[in-house]
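Reviewing the structure listed below.
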Amino acid sequence: MKFSIIFQLLLSSLLFFHNCHQCQATKRYRFELREAKYRRLCRSKKILTVNGKFPGPTISAHRGDTVIVDVINNGNYNVTIHWHGAPMNRYPWTDGPEYITQCPIPPGGKFKQRIILGDEEGTIWWHAHSNWTRATVHGAFIIYPTLGTIYPFPKPHAQLPIILGEWWKVDIQTLYYATVRTGGDPNVSDSFLINGQPGDLYPCSKQDTFKLKVVQGKTYLLRIINAVMQNLMFFGVANHKLTVVGSDGSYTKPFTSNYIAISPGQTIDVLLEANQTPKRYYMAARVYERTLSVSIDNTTTTAIIQYDSLDDSTPPLLPILPNSSDLNASIRFTNSLRSLASKDHPVKVPLKITKRLFYTLSINTLVCQEEDGNTCQGPNNTRLAASVNNISFVNPNISILEAYYHNMINGNFMTNFPDKPPKMFNYTAPFLPIKLELPKRGTKVKVLDYNETVELTFQGTSVVDGADHPMHLHGYSFYVVGSGLGNFDKDKDPFNYNLVDPPFQNTIAVPYKGWTTIRFRANNPGVWFMHCHVDRHLTWGMETVFIVTNGKTPESRILPPPPDMPPC
Ligand code: C2O
Ligand code: CU
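Heads up: the sequence shown runs through residues -25 to -1, 1 to 543, numbered per mature numbering (1 follows the signal peptide of the UniProt record, and there is no 0).
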C-alpha cells in the first residue's frame, strides 16, 4: 500500500517535470549519400541511398524538438534533402528544394541541416529534392507526443512505417534525362513497393516480401507514407478495417474504412486491430489514376500480415481495392478526413481572409523545338509541360532564397506571379481550344505580407487532359476547407466551406477536373516552394514559390543563414 503511494508520487512528479513546453530536445543524425547495389525483380542495380539503406533510415523526435542532420554527399551526383512536413519556422535555409532555398550539395560536399518542428504530431517524412533522386532517397520521420502527453487514442501495441515506393529496372537518372529529352510521358515503372519490397505477385520477389507479425487482439499503428513518384494510390488490408487517426502530422477524427486513398507526399496514420481468424492476410496497394490517356503500371504490391500463433502456408487473401480509375472512391476517402478539433489539438482556421488567390493547374504542350538532342514525343509532336496560372516554372541558376536574402532579385526571378489565371474559360470543359495549351515559361513568385490570412483555390483544368494534382506547400500546413468537381463557383461554393474541423494537411489531392480551397496564416517568413507532388508534373513546371516577408518584431524575421550553404 505504502509502496504504491510512494510510486504514484514518484510517477506524478516525473510527469510534472516532463509535462513542459520548454523541454524540447535536440537530436542528431548522420546521412551519408552513397551508391548501393539492390536486387529487385530478378535484377541488380546501383541506387543512390542514405547510409546504404533503402528505404532510408527513420528519423524520430518528439513534438517541438529540433533535429540536426549532417548530410554528406558521397554519391555521384548533386543532391538535396527536404523534410516534408517540417515547418522550419523562420529557417528556410535547410528546407532542401534545389534552386529554391539552396543550390545542390555536389559530390564530395556536405551540409549540416537543422530541422525545426512545430506543433506536428504523427508522421511526416524526408526525401531528396533534386530531379528524381527521391525515388530511392526517402524515409519516415516520426513525431511522438511531447514527453508526458499521450496519443488521443489508446496506445497501440506496436507502431511502424509502411512506405509505398516505386521501382524501375532502369537507372532513375537515365529515366529522368530520357523524359526531359523526349518531351513525352516517362516510361511506367516496373513495380510498386511496400517498405522497399515488391511482394509475392512479382517475379523473384516472394522470399523478401515484407512481413508484419501480429498478436491476436492487439492493435498496430501503421504510419503509411506515399513515396511513389508518379501516382496516387489505394491501399487496404484483407478482411481488416482501418481506423484513420491522423494525416500529414496532424490528428484526425477517427473513422473506419476498408481502404485508403493516399497521394504522393501524403501520410496517413491508421490503427489496425488484429481481430480476424489467425491466418495470413495481404496488405496491398495499387494505382489510382483517373486520367485514362496516361498509361499506368497496373501491378499490385503486397506485404503480409501474419498472426503469430500460426504455422500455415495457405496463400494469403488479397484485399478488395477500388478500381484504379475510381474517382469517387478517392474523393470519398479524402473528404472523410476531419481535424480532431479537441481541447488539446484545437483548430485555428483563419476566418477573416486578407488575401484571396485562384490558381489553375494545367497540363500543357510546348511547340516542338528539336534542339540540344531534344525530341517531341508529347501529343501531336509537341513537348509536354505543366503550369500554375499558365506559368510553367523555370528554375533559376542560384537559389531564390539566397537571391532574395542578399537583394539580388533582378535577373534571377520576378515577383509578379498573378493572383488569378490570365484568361477565364470553362476550365473543366470536355473539349478546349488548342491555343489554351501553350503556357508562358518563367521564374515568377508571389510575395505575401507577414501574417496575411490567405485563401487559395486550386482549380484543375482539362487542358490537354484532366488529372489529380496532389499540391504540396513547404513551410506550412494548411486547412482544407472545401473541394468539389467541375468549376469553382465563388458565389455558391464558399457557403459550404468547413470552418469547424477542416483537415490540417501539407499535401492535398485536387480532384480530377475539380477544385480545392485551402486556408493558412502567412506567419512563417521565408521562401516556400509549392508544387504538384507527382514528379513528372513538377518536372514539367507545375510549381511556384511564396515569399513571406519579415514581420516587424525580431521574432518574426528570417534567421541568418548557416555558414556552410552549398555553393551556387
Ligand atoms: Cu515532398 Cu517539395 O516535397
Ligand atoms: Cu500534378
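Glycine included, each C-beta is placed from N, C-alpha and C at the ideal position.
Check                                                                                                                                                                                 : Outcome
Out of 347, 417, 337, 33, state which residue places its alpha-carbon closest to the alpha-carbon of residue 512.                                                                     : 337
For a test of the three-state rule: what should DSSP assign to residue 541, helix, strand or coil?                                                                                    : coil
Determine the direct distance from the alpha carbon of residue 170 to that of residue 27, and round the result to whole angstroms.                                                    : 15 angstroms
Roughly how many whole angstroms lie between the Cα atoms of residue -14 and residue 442?                                                                                             : Its pLDDT being 45, under 50, residue -14 is placed unreliably in this model, and the value from its coordinates should be taken loosely. If you take the alpha carbons of residue -14 and residue 442, they lie about 54 angstroms apart.
Report yes if the CB atom of residue 272 is closer than 7 angstroms to the CB atom of residue 180, and no otherwise.                                                                  : no
Enumerate in chain order the residues of its own chain whose CB-to-CB distance from residue 531 is below 7 angstroms, with the five nearest sequence positions on each side excluded. : 425, 500, 525
Distance check for residue 428 and residue 327, CA to CA, integer angstroms please.                                                                                                   : 7 angstroms
Short check: CB of residue 340 to CB of residue 412, under 7 angstroms?                                                                                                               : yes
Should residue 507 be labelled buried (16 or more other beta-carbon atoms within 10 Å of its own) or exposed?                                                                         : buried
In or out: residue 63 buried (at least 16 other Cβ within 10 Å) or exposed?                                                                                                           : buried
By DSSP's criteria, residue 44 is part of a beta bridge. Which residues make up the other side?                                                                                       : 4, 88
Could you spell out where the alpha helix (DSSP H) holding residue 147 opens and where it closes?                                                                                     : 147 to 157
DSSP three-state call for residue 349: helix, strand or coil?                                                                                                                         : coil
On the three-state DSSP scale, how would you describe residue 142?                                                                                                                    : strand
Can you pull the DSSP bridge partners for residue 507?                                                                                                                                : 446
Three or more C-beta pairs under 8 angstroms: does that hold for the segment 146 to 157 against the segment 88 to 105?                                                                : no
Leaving out five residues on either side along the sequence, give the residues of the same chain with a beta carbon under 6 angstroms from the beta carbon of residue 5.              : 45
Can you tell me whether residue 373 is helix, strand or coil according to DSSP?                                                                                                       : coil
Mind listing, in chain order, the continuous beta strand (DSSP E) runs of no fewer than 3 residues lying wholly within the segment 415 to 477?                                        : 415 to 417, 420 to 423, 428 to 435, 444 to 448, 453 to 460
Just to confirm my understanding: we take residue 348, look at its own chain, exclude 5 residues before and 5 after, and list those with CB closer than 7 angstroms. What are they?   : 156
Would you kindly check if the distance between the Cβ of residue 187 and the Cβ of residue 280 is under 7 angstroms?                                                                  : yes
Residue 303 lies in the alpha helix (DSSP H); which residues open and close that run?                                                                                                 : 302 to 310
When you compare the segment 293 to 301 with the segment 360 to 377, are there three or more beta-carbon pairs, one atom per stretch, that lie closer than 8 angstroms?               : no
Return the Cβ separation of residue 448 and residue 492 in integer angstroms, given the expectation that the two are a contact with Cβ distance under 8 angstroms.                    : Contact doesn't hold; Cβ gap of about 13 angstroms is too wide.
Of all the options 519, 494, 481, 490, which has the alpha carbon lying nearest to the alpha carbon of residue 239?                                                                   : 481
What do you reckon, are the CB atoms on residue 502 and residue 76 nearer than 7 angstroms?                                                                                           : yes
Could you tell me whether the segment 244 to 252 touches the segment 213 to 223, using the rule of 3 or more Cβ pairs below 8 angstroms?                                              : yes
Return yes when the Cβ of residue 110 is within less than 7 angstroms of the Cβ of residue 167, no when it is not.                                                                    : no
Cα-Cα, which of 388, 386, 438 is closest to residue 402?                                                                                                                              : 438
Using 7 angstroms as the threshold, is the C-beta distance between residue 278 and residue 185 below it?                                                                              : yes
Would you mind sorting residue 198 into buried or exposed? The rule is 16 or more other CB atoms within 10 Å of its CB.                                                               : buried
Would you check whether ligand 1 has a heavy atom nearer than 6 angstroms to the C-beta of residue 444?                                                                               : no
Compute the minimum distance between the beta carbon of residue 447 and the heavy atoms of ligand 1, and state whether it is under 6 angstroms.                                       : yes
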